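K.L.:
Residue numbers (my numbering): 21 to 299.
A virtual CB, placed ideally from N, CA and C, is assigned to each residue, including glycine.
No experiment lies behind these values; they were computed from the predicted model shown.
Handing you this structure, nothing more for now.
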Amino acid sequence: MLPPGKGKNTIRTDIQEKVKERYGQMASSCCCGDNESAGQQATRLGYTREELQALPDGANLGLGCGNPLAFLEVKPGDTVLDLGSGAGIDCFLAAQKVGPRGLVIGVDMTTKMIDKANQNRGKIGAANVEFRAGQIENLPVETGSVDLVISNCVINLSPDKTKVFREAFRVLKSGGLLQISDIVLLKKLPRPIRKSVNSYVGCVAGAAKKEDYLSYIRDAGFIEMEILEERGVGDIFLENDPTIQKPMRWVPFPRNMMRRMSGSYAESIKVRAVKPAAV
21 MLPPGKGKNT IRTDIQEKVK ERYGQMASSC CCGDNESAGQ QATRLGYTRE ELQALPDGAN
81 LGLGCGNPLA FLEVKPGDTV LDLGSGAGID CFLAAQKVGP RGLVIGVDMT TKMIDKANQN
141 RGKIGAANVE FRAGQIENLP VETGSVDLVI SNCVINLSPD KTKVFREAFR VLKSGGLLQI
201 SDIVLLKKLP RPIRKSVNSY VGCVAGAAKK EDYLSYIRDA GFIEMEILEE RGVGDIFLEN
261 DPTIQKPMRW VPFPRNMMRR MSGSYAESIK VRAVKPAAV
């Protein structure tokens, strides 16, 4: 549980360290148990077989809640930033679209994930991809240097989502696009899950209410926001779902509680928004 009597900054640090620790463990193995299961999960989330076949072995860990590049027109020469890039799946797919004149930057706070992503980068010689260690609340990226910001089921893990969207706004060029896949809540979670640091790691407790999440994007300065896709998470909270299978082992709650939550508390959304051209 989140420790009582601690200040907000201390709790945020605790959460970030727990997320960093758990996802560092995932870097050493596919969360779904094997590449075939990870491929099936990725297909279910909107990746095509052709996209998955073009990836280096080890880039797809079976994580995420959607394909953030779907419905997104990436042009040759673009600079793309991936928030919480993990082992690099979305970075490598974006790299194919931006071509040799473009650049894809992946930012992740987990050193083991950065190491794994760089190993994957070396397998295919992706010279137009680079991975940087850092927090998405304080991006190691120059102001106004990015055409597109993407993210796949990572912002829900941040204890300061407003700062994440302000940072995304800062690094985008005028007229740049934000397109993200994430988990949002449809109603308030039961208190035991809401207060658990471990359930943050499982993309559960860290998720914001849908209306709040969209407000964070607007308040950062983005315009023309639209929800491109919504889908019920179904059994995403159940331990037989590969996306959540390993994190669920860290959430010490009765399985009947999780089953009651299935499909009624959260959904996966894909959101697009624009940084005004005049900014």
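Grab me the residues of L89's own chain with a C-beta within less than 7 Å of its C-beta, minus the 5 sequence neighbours each way, in chain order.
P.N.:
D110, L113, A114 and I170.
K.L.:
Specify the secondary structure class of D98 as computed by DSSP and reduced to three states.
P.N.:
In the structure shown, D98 sits in coil (DSSP, three-state: anything other than H, G, I, E or B).
K.L.:
On the CB-based measure, 16 or more other CB atoms within 10 Å of its CB, does K207 come out buried or exposed?
P.N.:
It is exposed - the Cβ of K207 has fewer than 16 other Cβ atoms within 10 Å.
K.L.:
Report the CB separation of T99 from V166 in whole angstroms; it is logged as a contact under 8 Å.
P.N.:
Yes, T99 and V166 are in contact; Cβ-Cβ is about 5 Å, under 8 Å.
K.L.:
Got a sec? Which residues, its chain only, sit under 8 Å from A297 by beta carbon, not counting five neighbours each side?
P.N.:
Here the set comprises S194 and G195.
K.L.:
So what's E287 in DSSP terms, helix, strand or just coil?
P.N.:
Here E287 sits in strand by DSSP.
K.L.:
Alpha carbon to alpha carbon, how far is Y233 from V204?
P.N.:
Computed Cα separation, rounded: 7 Å.
K.L.:
Distance cutoff 8 Å, beta carbons only. Does F112 sit that close to anything in chain D?
P.N.:
In the structure shown, chain D cannot be found, because there is only a single protein chain.
K.L.:
Give me the Cα-Cα distance between E159 and I175, rounded to the nearest whole angstrom.
P.N.:
Reading off the sequence shown, one finds Leu at residue 159, where the question assumed Glu. Spanning the two alpha carbons is a distance of roughly 13 Å.
K.L.:
Taking all protein chains shown into account, do 16 or more other C-beta atoms lie within 10 angstroms of the C-beta of F91, making it buried, or fewer, making it exposed?
P.N.:
The residue is exposed, with fewer than 16 neighbouring Cβ atoms inside 10 Å.
K.L.:
Determine whether the beta carbon atoms of Y236 and K181 lie at a separation below 8 Å.
P.N.:
Their beta carbons are under 8 Å apart, which means Y236 touches K181 by this criterion.
K.L.:
With a CB to CB cut of under 7 Å and the five nearest residues on each side skipped, what residues in its chain are close to E157?
P.N.:
Here the set comprises S178, D180, K183, V184 and E187.
K.L.:
Which stretch, first to last residue, makes up the alpha helix (DSSP H) that contains S194?
P.N.:
Premise fails: S194 lies in the beta strand (DSSP E), L192 to L205, not in any alpha helix (DSSP H).
K.L.:
Measure how close the beta-carbons of A227 and A293 come, nearest whole angstrom, since I'm counting them as under 8 Å.
P.N.:
That belief does not hold up - the Cβ atoms of A227 and A293 are roughly 18 Å apart, past 8 Å.
K.L.:
Which of the three DSSP states is assigned to K181 in this structure?
P.N.:
Here K181 sits in helix by DSSP.
K.L.:
Which residue comes first and which comes last in the beta strand (DSSP E) that contains V149?
P.N.:
It spans V149 to A153 - the beta strand (DSSP E) in which V149 sits, taken as one unbroken run.
K.L.:
Below 8 Å CB to CB, which residues in the same chain sit around P120 once its five sequence neighbours on both sides are set aside?
P.N.:
So the qualifying residues of the chain are A147 and N148.
K.L.:
From V94 to V118, what distance separates their C-alpha atoms?
P.N.:
So the alpha carbons of these two residues sit roughly 6 Å apart.
K.L.:
Would you say V161 and V124 are within 8 Å of each other, going by their C-beta atoms?
P.N.:
No.
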